[in-house]
Amino acid sequence: KDFKIHEVYLDNYKGIRYNGDNKEEAYLSLFTATSYEELREIAGDDKEALKIVDELERLGLDDKFGLAYDNELMQKKMINTARNWGYDDGKEAGARAKEIEIAQIMLKTKEPLEKIVKYTGLSEEEINNLTVE
Numbered sequence: 004k005d006f007k008i009h010e011v012y013l014d015n016y017k018g019i020r021y022n023g024d025n026k027e028e029a030y031l032s033l034f035t036a037t038s039y040e041e042l043r044e045i046a047g048d049d050k051e052a053l054k055i056v057d058e059l060e061r062l063g064l065d066d067k068f069g070l071a072y073d074n075e076l077m078q079k080k081m082i083n084t085a086r087n088w089g090y091d092d093g094k095e096a097g098a099r100a101k102e103i104e105i106a107q108i109m110l111k112t113k114e115p116l117e118k119i120v121k122y123t124g125l126s127e128e129e130i131n132n133l134t135v136e
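Quick note: the sequence shown uses my numbering, first residue 4, plus one each step.
Below you can see the structure in the form of structure tokens.
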């Protein structure tokens with residue numbers, strides 16, 4: 004029900020090895036490892052940490068797990084790409100709406116068409132369509 008979120012800058016724990024007294028720091032250091040050998044070095048003689056490393060290695064060799072992980076990773080990448088596209092589209096739509104708004108104000112104040120084209124980037128045809136709307 005209740006949970007706490009803690010932010011941890013893992014680079015602060017990179018290179019820490021288990022020495023018998025620093026279990027939490029060594030466990031955080033596991034997240035910075037880039038190989039199974041490095042995981043084993045960090046775990047030292049901590050039986051629980053070594054069990055975690057063994058399980059990670061077993062999962063890494065399991066084709067089904069690897070495929071599921073790859074699929075999840077691909078799905079996250081696709082979601083992030085779609086989110087970025089949506090952000091870009093929204094940004095472009097907002098900029099376009101602002102150009103149209105400026106053009107409409109300039110039309111109301113009877114500014115010359117050439118000036119409206121220059122300041123808004125809209126074409127003459129687009130501006131003429133605004134007067135019809």
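All C-beta atoms, glycine included, are put in the ideal place defined by N, C-alpha and C.
Review point. Nearest to Thr37 by CA position, among Lys17, Arg86, Glu128, Ile119, is which residue?
Key: The residue given as residue 37 occupies position 34 in the sequence shown. The residue with the shortest Cα to Cα distance from Thr37 is Lys17.
Check your understanding: Roughly how many whole angstroms lie between the Cα atoms of Lys101 and Thr84?
Key -> Position 98 of the sequence shown, counting from 1, holds the residue named residue 101. Position 81 of the sequence shown, counting from 1, holds the residue named residue 84. Lys101 and Thr84: Cα-Cα distance of roughly 26 Å.
Review point. What's the C-alpha gap between Phe68 and Glu28?
Key: On the sequence shown, residue 68 is found 65 positions in, with the first residue counted as 1. On the sequence shown, residue 28 is found 25 positions in, with the first residue counted as 1. Taking the straight line from one Cα to the other gives about 28 Å.
Review point. Going straight from the alpha carbon of Leu13 to that of Lys121, what length do you get?
Key: Indexing the sequence shown from 1 puts residue 13 at position 10. Indexing the sequence shown from 1 puts residue 121 at position 118. Looking at the backbone, the Cα of Leu13 and that of Lys121 are separated by about 51 Å.
**Study point:** Straight-line gap, Leu33 to Ile55 (C-alpha atoms, nearest Å)
**Key:** In the sequence shown, residue 33 corresponds to position 30, counting from 1. In the sequence shown, residue 55 corresponds to position 52, counting from 1. So the two alpha carbons sit approximately 10 Å from each other.
Check your understanding: Just the Cα atoms here: how many angstroms apart are Gly47 and Arg86?
Key -> Taking the first residue of the sequence shown as position 1, residue 47 is located at position 44. Taking the first residue of the sequence shown as position 1, residue 86 is located at position 83. Between the C-alpha atoms of Gly47 and Arg86 there is a straight-line separation of about 42 Å.
Practice item. Identify whether Glu41 lies in helix, strand or coil by the three-state DSSP scheme. Key: Taking the first residue of the sequence shown as position 1, residue 41 is located at position 38. Reduced to three states, the DSSP call for Glu41 is helix.
**Study point:** DSSP state of Glu10 mapped onto helix, strand, coil
**Key:** If you number the sequence shown from 1, residue 10 lands on position 7. Coil.
Practice item. Just the C-alpha distance for Gly93 and Lys80, rounded to the nearest angstrom, thanks. Key: One-based indexing of the sequence shown puts residue 93 at position 90. One-based indexing of the sequence shown puts residue 80 at position 77. If you take the alpha carbons of Gly93 and Lys80, they lie about 20 Å apart.
Review point. Leu70 and Leu59: beta carbons closer than 8 Å?
Key: In the sequence shown, residue 70 corresponds to position 67, counting from 1. In the sequence shown, residue 59 corresponds to position 56, counting from 1. No, these two residues do not count as a Cβ contact at 8 Å.
Point to revise | Secondary structure, alpha helix (DSSP H): runs of 4+ residues fully inside the region 45-130 | key: 50-64, 66-111, 116-123
**Study point:** Same chain only: Cβ atoms within 8 Å of Thr134, ignoring 5 sequence neighbours per side
**Key:** Here the question's residue 134 lines up with position 131 in the sequence shown. So the list reads Leu110, once near-sequence residues are dropped.
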